[in-house]
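Add 40 to a position in the sequence shown, counting from 1, and you land on the number used in the numbering used here. Think of the CB as a built atom: it goes at the ideal place given N, C-alpha and C, for glycine as much as any other residue. From a predicted model like this one, the values you see are computed outputs, not experimental measurements. Taking it in order: structure first as structure tokens, then the write-up.
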Amino acid sequence: MGLTSISFLAADLTSPAFNRELLWPVERQEEVGLTLLEVKELEREIEAVIERYASEIASGFIAESPNKLRKIVRHYRAHLGMEAAEAPSCNAPWRSAVVETDGSVRPCFFHPAFGNVNENTLEDVVNGADALAFRSQLDVESNPTCRRCVCSLRLP
């Protein structure tokens with residue numbers, strides 16, 4: 041296929057990201073999420089990928105480290121209440137922004153917008169009072185949205 045890399049993420053079950061106007065109800069979260077038996081099977085599959093494709097992980101073709109791949113399993117366990125949710129190592133709100141099709145600007149896909157490029161320049165939005173206040177108050181480790189985040193990106 042000519043791919044230069046491949047990446048894996050857990051399904052986002054609990055945020056209004058990706059143009060969802062509302063949070064999914066519990067029934068939809070359960071439908072998309074995994075059962076305990078499925079989590080156990082996923083864990084076996086991920087361990088097999090880590091072993092079988094070690095060279096692809098080492099080369100960066102598989103973007104996630106073994107620990108990040110294992111975090112996918114932990115995400116589903118946390119959703120089932122089997123362990124505490126764990127925030128990723130994240131710096132996205134300080135290094136990037138997401139511009140939605142309607143012009144809304146978010147600090148990442150998972151947090152609410154703090155401005156709109158149809159009303160101000162992108163520079164004014166990301167450096168504006170709302171954005172600065174959001175970033176100054178954000179503690180990734182304790183923020184409930186961050187703790188359930190599926191993103192594994194950490195920008196240089």
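- Secondary-structure assignment with DSSP links Val145 through a beta bridge to Val139, Gly155.
- Note: Ile46 is bridge-paired with Ile102 in the DSSP secondary-structure output.
- Excluding five sequence positions before and after Gly42, none of the CB atoms of its chain fall closer than 8 Å to its own CB.
- By the neighbour-count criterion, in which 16 or more other beta carbons inside 10 Å mark a residue as buried, Pro147 falls on the buried side.
- At least 7 Å separates the beta-carbon of Arg135 from that of Leu178.
- The beta-carbon separation of Arg110 and Val79, rounded to 12 Å, does not stay under the 8 Å limit for a contact.
- Nearest to Leu162 by alpha-carbon distance, out of Pro152, Ala173, Ser144, is Ser144.
- DSSP places Val180 outside any alpha helix (DSSP H), giving it a letter other than H or E.
- With distances taken between CA atoms, Ser45 lies nearest to Glu104 out of Glu104, Ala169, Pro184, Leu62.
- Straight across, the Cα-Cα distance linking Ala171 with Pro133 is about 9 Å.
- Here DSSP, grouped into helix, strand and coil, assigns Asn131 to coil.
- Straight-line measurement puts the Cα of Pro106 at about 9 Å from the Cα of Glu91.
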